[in-house]
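As structure tokens, the structure follows; a few thoughts come after it.
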Amino acid sequence: MICCAIAALNEADGSSKQAISRYIERTYTGIPTAHGALMTHHLKSLKNSGVLVMVKKSYKLAAASSVAAAEPPRSDFTSNYSSQPDATAARSCSHVYSE
Numbered sequence: 001m002i003c004c005a006i007a008a009l010n011e012a013d014g015s016s017k018q019a020i021s022r023y024i025e026r027t028y029t030g031i032p033t034a035h036g037a038l039m040t041h042h043l044k045s046l047k048n049s050g051v052l053v054m055v056k057k058s059y060k061l062a063a064a065s066s067v068a069a070a071e072p073p074r075s076d077f078t079s080n081y082s083s084q085p086d087a088t089a090a091r092s093c094s095h096v097y098s099e
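Residue numbering for the sequence shown follows UniProt numbering, starting at 1 and increasing by one per position.
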């Protein structure tokens with residue numbers, strides 16, 4: 001969700017946490033009440049794994065070569081909210097993990 005939001009926002013200087021959060025809340029349904037805390041955790045883990053780069057309190061997708069090399073950590077966590085975006089959001093982030 002976070003990578004799709006950053007790709008869809010497509011801001012030159014990167015996307016702020018607030019902009020990413022607003023995009024996710026508008027696009028996805030059934031977001032949990034602890035969305036802010038969960039997003040902070042996932043932004044940090046994506047940054048540490050090399051998928052995202054932080055530039056002046058904004059997040060950008062890392063270069064394509066480093067994204068392919070840095071496999072995102074897998075989680076056994078299952079959620080009970082719908083992570084299915086609408087059709088426009090699904091089309092906009094289909095290129096994020098393509099090789």
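The beta-carbon is built from N, C-alpha and C at its ideal position, and this holds for glycine as well.
TODO: Below 7 Å CB to CB, which residues in the same chain sit around A62 once its five sequence neighbours on both sides are set aside?
DONE: Numbered from its first residue, the sequence shown carries residue 62 at position 62. So the list reads G50, V51, L52 and V53, once near-sequence residues are dropped.
Open item on the list: Only counting the same chain, and skipping five residues up and downstream in sequence, which positions put a Cβ closer than 6 Å to that of V16?
Closed with: Walking along the sequence shown from the start, residue 16 turns up at place 16. Before going further, note that residue 16 is Ser rather than Val in the sequence given. Taking S16 as the centre and dropping the five residues before and after it, the same chain places the C-beta of S58 closer than 6 Å to its C-beta, in chain order.
Task: Sequence-distant residues of its chain with Cβ nearer than 8 Å to C35 (five each side left out) - done: Numbered from its first residue, the sequence shown carries residue 35 at position 35. Note that residue 35 corresponds to His in the displayed sequence, not to Cys. Apart from the 5 residues on each side of it in sequence, H35 sits with its Cβ closer than 8 Å to the Cβ of S21, I24 and E25 in its chain, given in chain order.
Task: Selected residue, minimal CA-CA separation from A19, among K56, A5, S45 and K47 - done: As a first step, residue 19 is located in the sequence shown; it is residue number 19 there, counting from the start. The candidate whose alpha carbon is nearest that of A19 is A5.
- [ ] Please classify residue 102: does DSSP put it in a helix, a strand, or coil?
- [x] The chain is shown only over 1 to 99; residue 102 falls outside these bounds and no answer can be derived.
Open item on the list: Given this structure, state the Cα-to-Cα distance separating L9 from L43, to the nearest angstrom.
Closed with: Numbered from 1 along the sequence shown, position 9 holds the residue referred to as residue 9. Numbered from 1 along the sequence shown, position 43 holds the residue referred to as residue 43. Cα-Cα distance, rounded: 16 Å.
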